[in-house]
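Student:
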Amino acid sequence: MIDNNIFLKKLYPYGIVFPVRVGHFSVDLSGYCDIDFHVNERPNVDIKKYGLWGEDYNTVVIKFKARLVGSISIENWIKNSFGELVFENIGKYFVLKVHKDDFVFSVEIDGLIFQELSVYFNGVE
Numbered sequence: 001m002i003d004n005n006i007f008l009k010k011l012y013p014y015g016i017v018f019p020v021r022v023g024h025f026s027v028d029l030s031g032y033c034d035i036d037f038h039v040n041e042r043p044n045v046d047i048k049k050y051g052l053w054g055e056d057y058n059t060v061v062i063k064f065k066a067r068l069v070g071s072i073s074i075e076n077w078i079k080n081s082f083g084e085l086v087f088e089n090i091g092k093y094f095v096l097k098v099h100k101d102d103f104v105f106s107v108e109i110d111g112l113i114f115q116e117l118s119v120y121f122n123g124v125e
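Spelled out as structure tokens, the structure:
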């Protein structure tokens with residue numbers, strides 16, 4: 001499901017099993033999309049180049065690429081909040097969903113390719 005994920009597995013060995021927020025989503029004309037998930041879950045290992053969790057950063061941005069194979073649905077983007085991340089295996093493709101109250105994000109993709117991480121301190125502890 002997630003390719004190029006060796007580093008990501010070190011950070012989150014049990015997977016992305018906690019609330020995420022869709023921070024960025026874009027699609028180009030060739031059907032490739034960029035999806036960034038913001039997570040407030042402390043990584044399993046420290047990332048020295050980013051400093052200390054809780055002091056220098058408290059949010060990790062996980063950046064992915066994917067190839068769109070079907071529909072995209074976004075409802076109430078303005079109400080985008082941390083919600084449950086769900087992957088549904090439909091056979092030849094996956095449906096990736098994030099929902100929280102009135103916000104719904106759903107995209108049909110062939111899988112995810114981990115690209116990179118970034119971090120920030122959001123001011124909320």
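Positions 1 to 125 (UniProt numbering) are the ones given, in order, by the sequence shown. Glycine included, each C-beta is placed from N, C-alpha and C at the ideal position. Because the structure is a prediction, the values reported are computed rather than measured.
#1: DSSP three-state label for L8, please.
#2: Do D34 and V69 have their C-beta atoms within less than 9 Å of each other?
#3: Are V119 and V60 closer than 9 Å when you measure CB to CB?
#4: Between K63 and V22, what straight-line distance do the alpha-carbon atoms span, to the nearest angstrom?
#5: Would you call Y14 buried or exposed, if buried means 16 or more other Cβ atoms sit within 10 Å of its Cβ?
#6: Identify, in the order they occur along the chain, each residue of the same chain with its Cβ nearer than 7 Å to the Cβ of K100, setting aside the five sequence neighbours on each side.
Tutor: The relevant details are as follows:
#1: helix
#2: no
#3: yes
#4: 10 Å
#5: exposed
#6: S81, F82 and G83
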